[in-house]
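**Student:** Protein chains in written order, with full-length UniProt numbering: chain F, 1 to 199; chain P, 1 to 199. Note that CB positions come from ideal geometry on N, CA and C, so glycine has one too.
2 protein chains.
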Amino acid sequence: MQYPEPIAKLIDSYMHLPGIGRKTATRLAFYTVDMNKTDVKNFADALTSTKNDLRFCSICGNITETDPCEICSDPTRDQSKIMVVEQSKDVMTMEKMKDYNGLYHVLHGVLSPIEGKGPEDINISSLIKRLQKNEEVKEVIIATNATPEGEATAMYLAKLIKPAGIKVTRLSHGLSVGSDIEYADEMTLSKAVSGRTEM
Amino acid sequence: MQYPEPIAKLIDSYMHLPGIGRKTATRLAFYTVDMNKTDVKNFADALTSTKNDLRFCSICGNITETDPCEICSDPTRDQSKIMVVEQSKDVMTMEKMKDYNGLYHVLHGVLSPIEGKGPEDINISSLIKRLQKNEEVKEVIIATNATPEGEATAMYLAKLIKPAGIKVTRLSHGLSVGSDIEYADEMTLSKAVSGRTEM
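See the structure below:
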């Protein structure tokens with residue numbers, strides 16, 4: 001006996017999600033059967049709406065309901081700074097900090113020779129065009145992750161943008177706030193020492 | 001800045017699932033944005049169909065697309081045995097074993113005084129009616145989990161059914177196949193010793 005078809009299909013769909021194997025997918029599917037009808041309907045609607053009502057901002061590449069996005073169309077934001085991030089998610093994380101009032105640019109990836117991702121596969125050309133068009137931009141803050149790919153992408157962008165006379169900065173590396181030196185990895189420690197600041 | 005509304009709603013829906021907190025839900029929601037449109041549509045359809053196309057079998061209580069379910073309406077199955085399980089999921093698990101050819105009865109829960117679940121809250125009365133109507137039934141196999149609640153439910157059912165002259169059996173407890181005595185817990189070991197069989 002097989003699972004009833006709707007359940008089999010739902011298990012299959014759950015398995016498409018990252019980090020969810022057959023066992024968890026089965027558990028989630030049976031949980032869904034017991035959920036109340038409104039919750040399941042809302043879930044299905046949210047999925048559909050995610051695909052139908054969201055697009056990428058034609059200026060910065062961020063996920064948005066309106067084009068240009070909320071941030072790009074906000075005149076109170078500091079138009080002289082653009083922060084370059086890997087993913088839309090990173091924009092939300094930065095915004096939670098409430099410390100940064102400039103603009104963003106979402107790359108949708110990083111340079112990765114291993115995965116065969118070159119400069120033309122990520123959202124770089126639109127960044128360059130944006131910098132050529134807006135003379136107001138004085139600083140590009142590169143906020144790619146502190147991974148080898150993130151670093152390589154940062155280096156690549158710096159080389160590309162600096163000649164235009166725009167200041168290029170990178171987020172600082174060092175110890176996490178509240179962390180213990182004992183548990184810091186060597187790379188982080190080395191960055192924390194070389195990037196030490198005067199007190 | 002908040003997440004765009006479709007994403008916020010989807011995060012909320014993912015958080016309704018068991019074992020998924022805000023961080024995982026956010027990761028899944030952004031993953032969904034990058035999924036291809038057909039996969040997302042299939043996912044949404046599977047969710048809707050799970051609520052719309054499934055019902056509980058009026059005989060055994062199992063989840064099914066047709067009523068009575070595949071198993072209850074199959075004349076080749078052994079009508080003299082009913083296996084009582086806690087959840088529909090357990091029926092599928094038993095069926096995978098391919099060793100059992102009798103019928104099932106799904107309780108949709110167990111007796112649990114702590115959670116305030118009494119006999120009237122689970123699917124017991126329909127089991128009793130079923131036994132009264134079908135004189136063919138010779139054995140009820142109680143396959144509730146080996147938890148305190150599962151055991152209590154088994155005891156309760158045995159007391160209820162035995163007086164009618166129907167044989168009541170319980171799945172055996174003991175060491176898992178392939179397991180190491182060193183790692184077995186004491187309760188399991190004690191059950192394995194008391195339930196030892198002659199070679």
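1) Quick check on residue 202/F - is its C-beta less than 9 Å from some C-beta in chain P?
2) Can you tell me the Cα-Cα spacing of Arg22/F and Arg170/P, whole angstroms?
3) Taking the straight line between their C-alpha atoms, what separation do you get for Lys133/P and Asn52/P?
4) Kindly indicate which three-state DSSP category Arg77/F falls into: helix, strand or coil?
5) Mind pulling the alpha helix (DSSP H) runs of 4 or more residues that sit fully within the UniProt domain "Toprim" (80-176) of chain F?
6) Can Asp39/P and His108/F be called in contact, C-beta distance under 9 Å?
7) Quick check: is any heavy atom of the ligand GDP less than 8 Å from the C-beta of Asp53/P?
8) Starting from the Cα of Ile122/F, find the closest Cα among Asn62/F, Phe30/F, Asp34/F and Asn42/F and give me that residue.
9) Whole angstroms are fine: how far does the CA of Val91/P sit from the CA of Arg55/F?
10) Would you say Ala192/P lies against chain F (beta-carbon separation less than 9 Å)?
11) Would you check if the region 62-81 of chain P and the region 41-48 of chain P touch, i.e. whether three or more CB-CB distances between them fall below 8 Å?
12) Tell me whether Val177/F is buried or exposed, calling it buried when 16 or more other Cβ atoms sit within 10 Å of its Cβ.
13) Whose Cβ in chain P lies nearer than 8 Å to the Cβ of Asp40/F?
14) Is the separation between the beta-carbon of Val137/F and that of Ile82/F shorter than 9 Å?
15) So the candidates are Glu120/F, Lys129/F and His173/F; which of them puts its Cα closest to the Cα of Ile142/F?
16) Note down the Cα distance separating Ile181/F from Pro4/F, rounded to an integer number of angstroms.
17) Hey, could you find the ends of the alpha helix (DSSP H) Ala46/F is sitting in?
18) First and last residue of the alpha helix (DSSP H) that includes Thr24/F?
19) Counting contacts by CB-CB distance shorter than 9 Å, is Pro18/F in contact with chain P?
20) Starting from Leu189/P, trace the alpha helix (DSSP H) both ways and give me its first and last residue.
21) Using DSSP bridges, identify the partner residues of Thr64/F.
22) Checking 9 Å against the spacing of the C-beta atoms, do Lys98/P and Phe30/F come in under that value?
**Tutor:** Once the coordinates are examined:
1) Nothing in the structure corresponds to residue 202/F, since chain F is present only between 1 and 199.
2) For the purposes of this step, residue 22/F is identified with residue 22 of the first sequence, where counting begins at 1. For the purposes of this step, residue 170/P is identified with residue 170 of the second sequence, where counting begins at 1. As the crow flies, the alpha-carbon of Arg22/F is around 29 Å from that of Arg170/P.
3) As a first step, residue 133/P is located in the second sequence; it is residue number 133 there, counting from the start. As a first step, residue 52/P is located in the second sequence; it is residue number 52 there, counting from the start. Between the alpha carbons of Lys133/P and Asn52/P lies a distance of about 31 Å.
4) Position 77 of the first sequence, counted from the first residue, corresponds to residue 77/F. Residue state, collapsed to three classes: coil.
5) List check, alpha helix (DSSP H) in window: 88-97, 125-133 and 148-161.
6) Taking the second sequence and counting its residues from 1, the one referred to as residue 39/P is at position 39. Taking the first sequence and counting its residues from 1, the one referred to as residue 108/F is at position 108. Cβ distance not < 9 Å, so Asp39/P and His108/F don't count as in contact.
7) The ligand GDP is not among the ligands present in this structure, which contains no ligands whatsoever.
8) In the first sequence, residue 122/F corresponds to position 122, counting from 1. For the residues Asn62/F, Phe30/F, Asp34/F and Asn42/F, the minimum Cα distance to Ile122/F belongs to Asn62/F.
9) What you label residue 55/F is simply residue 55 of the first sequence in a count that begins at 1. What you label residue 91/P is simply residue 91 of the second sequence in a count that begins at 1. Computed Cα separation, rounded: 44 Å.
10) Here residue 192/P refers to the residue found at position 192 when the second sequence is read from its first residue. No - not a single Cβ of chain F is within 9 Å of the one on Ala192/P.
11) Taking 8 Å as the limit for Cβ pairs, the verdict is that the region 62-81 of chain P does not touch the region 41-48 of chain P.
12) Within the first sequence, numbered from 1, the residue matching residue 177/F stands at position 177. Val177/F is exposed by the Cβ-count criterion.
13) As a working mapping, residue 40/F is identified with position 40 in the first sequence. A small correction: the amino acid at residue 40/F is Val; Asp does not occupy that position in the sequence shown. At a beta-carbon threshold of 8 Å, the residues of chain P lying near Val40/F are Leu47, Thr48, Thr50 and Lys51, ordered along the chain.
14) The count along the first sequence starts at 1 and reaches residue 137/F at position 137. The count along the first sequence starts at 1 and reaches residue 82/F at position 82. A contact, by the Cβ cut-off of 9 Å.
15) Here residue 142/F refers to the residue found at position 142 when the first sequence is read from its first residue. In terms of Cα proximity to Ile142/F, the closest of Glu120/F, Lys129/F and His173/F is His173/F.
16) Position 181 of the first sequence holds residue 181/F. Position 4 of the first sequence holds residue 4/F. When rounded, the distance between both Cα atoms is 55 Å.
17) Taking the first sequence and counting its residues from 1, the one referred to as residue 46/F is at position 46. Membership of Ala46/F in the alpha helix (DSSP H) is indicated by the continuous run Lys37 to Asn52.
18) Walking along the first sequence from the start, residue 24/F turns up at place 24. Residues Arg22 to Asp34.
19) Taking the first sequence and counting its residues from 1, one reaches residue 18/F at position 18. Chain P contact via Cβ: present.
20) Taking the first residue of the second sequence as position 1, residue 189/P is located at position 189. Residues Glu186 to Ser194.
21) The count along the first sequence starts at 1 and reaches residue 64/F at position 64. In the DSSP secondary-structure assignment, Thr64/F is bridged to Arg55/F.
22) For the purposes of this step, residue 98/P is taken as the residue at position 98 of the second sequence. For the purposes of this step, residue 30/F is taken as the residue at position 30 of the first sequence. With respect to the 9 Å criterion, Lys98/P and Phe30/F are not classified as neighbours on the basis of their beta carbons.
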